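One structure is given below, encoded as structure tokens.
Residue numbers (my numbering): 4 to 196.
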């Protein structure tokens with residue numbers, strides 16, 4: 004199966020569409036129906052990705068599996084605890100993978116971002132460590148929020164807080180990425196003989 008060039012709207016729809024649909028459904032109908040909408044739109048996002056690119060990106064696929072498990076448990080047991088724990092599990096999993104890879108001498112962020120932003124080895128190790136610790140902190144923060152705050156507050160935190168904090172953290176890493184950036188070498192100019 005060959006990969007197709009994807010339309011520009013596909014990535015934002017796959018990454019943010021299910022979350023936007025979840026939030027809209029929550030506002031109109033509550034957490035249980037919103038969880039069902041999240042399950043359906045996550046599956047639809049994967050189908051769209053497969054149709055347009057002829058492949059399934061690994062991060063949305065892992066997230067979809069976790070959404071399927073925790074969303075399914077939420078609906079099956081009619082217990083919102085499971086869907087509230089899902090961000091904790093996703094963030095903790097990302098942290099474990101990144102920090103585990105780093106412990107084994109493999110800064111795994113390079114596999115995801117290396118083609119887009121080449122950096123030296125030290126930069127990849129530092130960035131991977133920072134993201135691993137950030138995801139661990141976010142997992143802990145989600146636990147504190149869902150266990151101590153109302154469902155309305157938790158939904159707003161899940162939709163806006165987690166995304167906003169992640170964006171701010173990513174922006175704060177720009178100086179590190181610039182310091183360790185390795186410019187791509189230009190191809191040699193043809194010599195006139």
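Ideal Cβ placement from N, Cα and C applies to all residues, glycine included. Since we're looking at a predicted model, the values are computed, not measured.
Cβ neighbours of residue i in the same chain (closer than 7 Å, five flanking residues each side left out)
| i | result |
| --- | --- |
| residue 176 | 130 and 133 |
| residue 90 | 145, 161 and 165 |
| residue 40 | 24, 25 and 28 |
| residue 20 | 44 and 48 |
Top-ranked residue by Cα proximity to residue i, from the options
| i | options | result |
| --- | --- | --- |
| residue 95 | 110, 80, 143 and 123 | 143 |
| residue 16 | 37, 47 and 169 | 47 |
| residue 161 | 69, 140 and 87 | 87 |
| residue 125 | 18, 104 and 110 | 110 |
| residue 119 | 100, 185, 40 and 63 | 185 |
| residue 141 | 64, 169 and 159 | 169 |
| residue 154 | 172, 85 and 65 | 85 |
| residue 56 | 92, 12, 33 and 174 | 12 |
| residue 34 | 159, 173 and 93 | 159 |
6 Å CB neighbourhood of residue i in its chain, flanking five on each side removed
| i | result |
| --- | --- |
| residue 42 | 74 |
| residue 67 | 45 and 49 |
Residue i versus residue j - alpha carbon distance
| i | j | result |
| --- | --- | --- |
| residue 98 | residue 137 | 8 Å |
| residue 182 | residue 108 | 21 Å |
| residue 135 | residue 102 | 5 Å |
| residue 145 | residue 83 | 14 Å |
| residue 123 | residue 28 | 44 Å |
| residue 197 | residue 121 | Absent from the model: residue 197. The displayed extent of the chain is 4 to 196, so no value can be given. |
| residue 151 | residue 157 | 9 Å |
| residue 36 | residue 71 | 14 Å |
| residue 127 | residue 105 | 10 Å |
| residue 148 | residue 139 | 14 Å |
| residue 76 | residue 18 | 22 Å |
| residue 22 | residue 38 | 10 Å |
| residue 30 | residue 187 | 47 Å |
| residue 116 | residue 171 | 18 Å |
| residue 100 | residue 93 | 11 Å |
| residue 167 | residue 173 | 10 Å |
Counted within 10 angstroms of its Cβ, other Cβ atoms place residue i as buried (16 or more) or exposed
| i | result |
| --- | --- |
| residue 114 | exposed |
| residue 10 | exposed |
| residue 79 | exposed |
| residue 178 | exposed |
| residue 62 | exposed |
| residue 112 | buried |
Own chain residues within Cβ distance below 8 Å of residue i, not counting five before or after
| i | result |
| --- | --- |
| residue 218 | Beyond the ends of the chain as shown, which are 4 and 196, falls residue 218; an answer cannot be given. |
| residue 180 | 120, 122, 126 and 130 |
| residue 64 | 49 |
Next item on the list: Jot down the residue ranges of each uninterrupted alpha helix (DSSP H) in the stretch 142 to 194, minimum 4 residues, whole runs only, in chain order.
Entry: Within the stretch 142 to 194, the runs of alpha helix (DSSP H) that reach at least 4 residues and sit entirely inside it are, in chain order, 154 to 159, 165 to 175 and 177 to 182.
Next item on the list: Could you name each continuous alpha helix (DSSP H) segment of 4 residues or more that falls completely within the stretch 7 to 55, going from the start of the chain to the end?
Entry: Runs of the alpha helix (DSSP H) inside the stretch 7 to 55: 13 to 32.
Checklist line | Ranges of the beta strand (DSSP E) found wholly within the stretch 68 to 97, counting only runs of at least 3 | finding: Taking 3 residues as the minimum length, the stretch 68 to 97 contains no beta strand (DSSP E) run wholly inside it.
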